[in-house]
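What follows is one structure encoded as structure tokens, with my remarks underneath.
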Amino acid sequence: MRDRLAPAKILKLALRMLARDWRAGELTVLAAALVLAVGSMGTVGFFADRVKSALTSQASLLLGADVMISSDRPLPDAFAQNARAQGLDASPVIRFNSMVQKPGSDAAPVLANVKAVAPGYPLRGAIVLANAEKPEGIPASGSPPRGEAWPDTRLAQRLDLKPGDKLSVGEATLTVGPSVQQEPEVATGLLSTGPRLLIHADDLAATNLLQPGNRATWRLLVAEPAGRGTLAAFVRQTSAELKPGQRLENVRDVQPEVRQTLDRAEQFLGLAALVAVILSAVAVALTASRYLRRHLDTSAMLRCLGASERRTLALFVAQFVVLGIVASALGVVLALGGQALLVSILASLTAAQLPAPSFMPGAAAFATGVLLLFGFALPPLMALASVPPLRVLRRDLPRPKPSALVAYLLGAGVIAGLIGWQAQDVKTGAIMVGGVGGLILVAALAAWLLIVGLKRLPQRGVTWRFGLANLRRRPLASSLQVAALALGLMALLLLTVVRGELMKNWRASLPPDAPNHFVVNVLPEQVEGVRASMRDVGGPGADLFPMVRGRLTAVNGASLDTRQYDNPRARRLAEREFNLSFADRLPATNRVSAGTFWGPGAKADAGLSMEDGIAESLRLKLGDELTFDIAGTPVSARITSLRKVDWDSFRPNFFTLFPPGALDGMPTSYMGAVRVPEGARSGAWVSALLQQYPNVLAIDVGDVIRQVQSIMDQVSRAVEFVFLFTLLGGLLVLQAAIAATQDERRFDAAILRTIGASAKQLSAAQVAEFLVLGALSGVLAAGGATAIGWVLADRVFNIPYSPSPWVWLYGVLGGGLVVTLAGWLGTRNTARQPPLAVIRQLG
Amino acid sequence: MSPYAEAPMTRPLLRAERLTKTVVSGDAPLTILDEVTFDIAPGASVAIVGASGSGKTTLLGLLAGLDQPTDGEVWIDGQALSGLDEDARAAMRQRLLGFVFQSFQLLPALTALENVMLPLELAGADDAVAKAREWLARVGLAKRTTHYPKQLSGGEQQRVAIARAFAGDPKLLMADEPTGNLDGATGAEIAELMFRLNHEHGTTLVLVTHDIALASRCGRRLSLSSGRLVADEMAH
């Protein structure tokens, strides 16, 4: 007769055993590790999925049309006529930047992105108006009528605009309409944060803002009424007629850039989440091997009573299945909360309303939890089921060990699979594996060196000696704990202390007299007046520089094919219009890196000078002949010098400089920079300037910096949030390691108690151990954060970096306190039990 | 030829033949059990005695099929254990054997009742609950069925273990120092209970003990010394 324990009974027995183990706290760390792993994967997964599906499902709404023709110059009417001739809807849109202000108000003018639209806009979707009672807003029935301006909620807030108020836009004064919560055609602006304004296309002329030199974008939105079937033909025909600088974009074309950014963000956040998963895996492995040790007697007794190996295994596996399902489900719930928090942290960056989370990321995270559990717990469980029944008589029998090969293969396979899945492609996956593995390895190696080095410390008193001996006793486990904790701490230090320092150092690196306002869009006839006003407020150094817009059309006589640039940034640079300028001498903050720059009195044919960075991106070299199309006129010149430009000087600088005379007769505008004293006077000066010159843009650098900083703050809060999972993972590994050594600790404590150690001494020894463990993590974390901060400062931002001692203080104190608290919580019971009972039980 | 061919009517329930166990300790093989041979008839009660390290527990492990001999053979109810794999030996234990251990070996996750039910459930019995209740009543624990092992005293835990051992209706009860972890009075009570039930059910009892008084209650005493069977005495 074989054993006949029915599956239902196995499950019942398994549940009873699970409940008891749960009550005894044996599985808390294991469950917490699973919840954390699933939670961190799911948080990132849900978030990325929501943003992506917003991009996909709302794509044509975001574009406001089916296709869009766009250019930096006015589009010929032929496109719209063609579209309408084929029965398609067409609607022009012009976008540009302008200062807008509330007449008669003290509020400083605000730089806004103005969009002039025609009736019928948008062709797809609707403008959503803010409504106090409906947080999701209400769709508008059309677009702004003539004479009306619809600000977005940010602009309305900054200028305190209410419907019926007046608003100056250029030379026109418009009436404020309702506030816009969300408008279509923001696909490319998914990450833009500037205030916006919608006006009627017919009001554009009255503003008198579209002057030469003003950067505007002309677009034609085209949509196909249902059942027409002519869009494809129109797209084909238009594609063939596009001139340089004109683009035909559909939803798929507009998205790649956003999508690429998003993919990268997802990969980065995913990597951070993955570190938490790997740490959870370590915690699962540690807990499972403890579970193995603690259940040997149970398994042996079951075998002795006649349960087969298979049934015994089924009994333990059933417990873990139940545990895995419950913990993973909890993890998904945590992830739902986590992603909601992440969305709210990044709320103002993800302008579009996000769709509800979908099922897939939850399922994937859930599967991660179950896979993780079995990848790391199955080998010990299999070993447990094969315990020799003789153990019921002989406790001293060697413990069965999970086959190392199987254990490693299974676990490594699960992790490799997860990484591959997260990375999407082999190369990124390999880089991620290398990155995570290398990071943990380096940290563990450093930790190991520190732990070994502890021996050299003078060791006074039994408590310190015993505490430190405990660390050295398990150098591998200790190193891994230190490494895990250090990674989490390092990420947090980097995002808080080091980021703040970098910001501070960067600001300090700016010259104190750096201009804080850029003045753009100045017409030739306004130069004298604007310059005088600038010098009046900012001193005699303030000046204006000529600027001519031109497109690079040919290099050495061959017309430029921007597709040759793999780098999307290079392609964008080549497709955009260049800001060309002319000067008779080398600007103060520039220096020549190759060739020679002309001097005063140079002739118009002295060639041109390029900034060396853009020359490298566009693969241009000294002697190349460049042809620019400036308002329809080709202008050619050879590169006679390359310049290094100190962009951090915050002074006007140009990629391309011509000698005086070379650009004569071309449409020219002027720009300059000025330092306006901070405070109320700055707003008054900008207001006064605009009263006189409504077309001029006066951009507050502080505003821009504040905007960039607000984006950085939000992004780093999001990253901090994800790295919090990493730190929790490190603490879980610590808890698991404490639990794994609990019996040893209890036994040691019993022996020490037997020979007369007081409970206080025992606690002190344990506190010493965790204090050192935490402080070591802190040292490593602070060292790592400082090193990364230095590399960022030196290589990326080119600013001097003076690491502050606070990083070390926060790292060591923070690490020491957190780890000591966690360790003390995990071990406080060891000294309380009567020694003899412990020795009998464990001896 | 079957070893029982000569006396089929009095076939022993348990037979050990030239049972030898050698382990390699360091470089030299160490013989723990050296060619031990004996028969135990159905219904007999046998104490295995000897000094610490004499091989008593090793012998018990081999007799129960919990371990395999280096040489020799064990027959239980006519079945040679060497012919069975681990799972088949487990099934054999479940069918024929009951165990009582020095350290009780109750599953901490289960109540007293559930612990007693376990062998019945493993055998696929339908009336496991009723039977387990009945057995707990017989060992005097009718009111403690829902208690967990750690809520019970040592004596009570051993009573549960005895109930569990008898609940499966075993032919052969193996006990390893059943009173070893108990104080004198409780030990005596437990011994009394075990021998009474053994007598009532006609179970064959094999008992490993240091306790001379306990050994003397058995009908037969096998003495081991350094792994050899040095005496095989019947009680007076």
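Here the protein sequences come in this chain order: A and U.
So for the first sequence, our numbering puts the first residue at 428; every next one is plus one.
So for the second sequence, our numbering puts the first residue at 483; every next one is plus one.
For each residue, glycine too, the CB sits at the ideal point set by N, CA and C.
Starting from the C-beta of residue i, find all residues in its chain whose C-beta is less than 7 angstroms away, skip the five residues before and the five after it, and write them out in chain order.
i: F803/A; result: A708, V711, A712, A715 and G838
i: Q639/U; result: F586, L588 and P631
i: E598/A; result: A633, T634, N635 and P1121
i: L1000/A; result: I1041, S1044 and L1045
Residue i lies in the alpha helix (DSSP H); which residues open and close that run?
i: S936/A; result: R926 to S936
i: V1206/A; result: A1186 to V1218
i: K436/A; result: P434 to R450
i: P807/A; result: F786 to A812
i: P902/A; result: P902 to L920
i: S960/A; result: V954 to G965
i: F1174/A; result: Q1169 to T1181
i: Y1237/A; result: W1233 to T1254
i: T634/A; result: L631 to T634
Who are the Cβ neighbours of residue i in its own chain at under 8 angstroms, not counting the five residues just before and after it?
i: R500/U; result: E517, V518, T519, D553, G554 and E555
i: G701/U; result: A526, S527, V528, M716 and A717
i: T980/A; result: P671, S986, L987, T1054, F1055, D1056 and P1061
i: W1251/A; result: S1190, Q1193, V1194 and F1197
i: V537/A; result: M526, V527, Q528, L582, R585, L586 and P622
In terms of residues, what are the limits of the beta strand (DSSP E) holding residue i?
i: K538/U; result: K538/U -> not in any beta strand (DSSP E); alpha helix (DSSP H) instead, spanning K538 to L545.
i: K1071/A; result: T1060 to V1072
i: H627/A; result: R623 to H627
i: G554/U; result: D553 to I558
i: L608/A; result: Strictly speaking, residue 608/A in this sequence is Gln, with Leu absent from that position. First-last of the beta strand (DSSP E) with Q608/A: V607 to Q609.
Figure out for me which residue from the options has the closest Cα to the Cα of residue i.
i: A534/A; options: G569/A, A517/A, P546/A and L594/A; result: L594/A
i: W891/A; options: V1199/A, L463/A and W1233/A; result: V1199/A
i: F1127/A; options: T923/A, G796/A, F1150/A and F1077/A; result: The sequence shown places Asp at residue 1127/A, not Phe. It is F1077/A whose Cα lies nearest to the Cα of D1127/A.
i: L750/A; options: W1112/A, R447/A and L1203/A; result: R447/A
i: A492/A; options: E575/A, T1060/A and P549/A; result: P549/A
i: Y1237/A; options: L1219/A, A1214/A and A1208/A; result: A1208/A
i: P1061/A; options: V982/A, L1155/A, A458/A and R1108/A; result: V982/A
i: L811/A; options: L800/A, P827/A and P652/A; result: P827/A
i: P942/A; options: L669/A, L799/A, V1131/A and A1031/A; result: V1131/A
Nearer than 7 angstroms: is that true of the beta carbon of residue i relative to any heavy atom of the ligand MG?
i: E1196/A; result: The model on display carries no ligand, and the ligand MG is accordingly not part of it.
In chain order, what residues of the same chain have a beta carbon less than 6 angstroms from the beta carbon of residue i, not counting five sequence neighbours either side?
i: L1158/A; result: A1249
i: Q953/A; result: Y1120
i: G616/A; result: Low per-residue confidence applies at G616/A: pLDDT is 41, beneath 50, and the placement is therefore not dependable, though the value from the model is reported in the following sentence. The answer is none, since no qualifying residue turns up.
i: L687/U; result: S527, L655 and N680
i: G880/A; result: none
Looking at chain U, which residues of the stretch 731-743 of chain A have a Cβ within less than 7 angstroms of any of its Cβ atoms? C731, L732, G733, A734, S735 and E736
Cβ contact check for the stretch 611-631 of chain U and the stretch 464-477 of chain A: 3 or more pairs under 8 angstroms: no
Contact the stretch 639-648 of chain U vs the stretch 679-697 of chain U: 3+ CB pairs below 8 angstroms: yes
When the Cβ atoms of the stretch 866-886 of chain A are set against those of the stretch 1166-1178 of chain A, are three or more pairs found closer than 8 angstroms? no
Taking Cβ-Cβ distances below 9 angstroms as the criterion, which residues of the stretch 635-651 of chain U are in contact with chain A? R646 and G650
What residues in the stretch 720-731 of chain A bring their beta carbon closer than 9 angstroms to a beta carbon of chain U? Cβ contacts with chain U: D724, T725, A727, M728, L729, R730 and C731.
Three-pair Cβ contact test at 8 angstroms for the stretch 732-750 of chain A versus the stretch 557-575 of chain U: yes
Taking beta-carbon pairs under 8 angstroms, can you tell me which members of the stretch 589-613 of chain U lie near chain A? L589, P590, A591, L592, E596, L600, P601, E603, L604, A605 and G606
Which of the residues in the stretch 809-833 of chain A, read from start to end, lie with their CB under 9 angstroms from any CB of chain U? S813, P815, P816, L817, R818, V819, L820, R821 and R822
Is it true that the stretch 1093-1109 of chain A meets the stretch 1022-1032 of chain A, where meeting means three or more beta-carbon pairs spaced less than 8 angstroms apart? no
For the stretch 759-770 of chain A against the stretch 665-675 of chain A, do three or more pairs of beta-carbon atoms, one drawn from each stretch, fall closer than 8 angstroms, so that the two count as touching? With the cut-off at 8 angstroms, the stretch 759-770 of chain A and the stretch 665-675 of chain A do not touch.
Do the stretch 815-823 of chain A and the stretch 504-523 of chain A meet, that is, are 3 or more Cβ pairs less than 8 angstroms apart? no
Which residues of the stretch 532-548 of chain U have a Cβ closer than 7 angstroms to any Cβ of chain A? Give them in chain order. T539, L542, G543 and L548
Touch check for the stretch 963-971 of chain A and the stretch 990-998 of chain A: three-plus C-beta pairs under 8 angstroms? no
With a threshold of 8 angstroms, are at least 3 pairs of Cβ atoms found where one atom belongs to the stretch 690-698 of chain U and the other to the stretch 661-674 of chain U? yes
Residues in the stretch 650-677 of chain U having any Cβ partner in chain A nearer than 7 angstroms: Cβ contacts with chain A come from D658.
Three or more C-beta pairs closer than 8 angstroms, one from the stretch 910-930 of chain A and one from the stretch 1146-1164 of chain A: is that the case here? yes
Okay, do the stretch 740-747 of chain A and the stretch 441-457 of chain A touch, 3+ Cβ pairs below 8 angstroms being the bar? They touch, by the three-pair rule.
Does the stretch 631-646 of chain A come within contact of the stretch 552-567 of chain A, defined as at least 3 CB pairs closer than 8 angstroms? no
What are the residues in the stretch 1144-1177 of chain A lying within 9 angstroms of chain U by C-beta distance? none
Could you check whether the stretch 598-614 of chain U touches the stretch 531-544 of chain U, counting it as contact only if at least three pairs of C-beta atoms, one from each stretch, sit closer than 8 angstroms? no
Members of the stretch 555-575 of chain U that neighbour chain A once the beta carbon cut-off is set at 9 angstroms: E568, D569, A570, R571, A572, A573, M574 and R575
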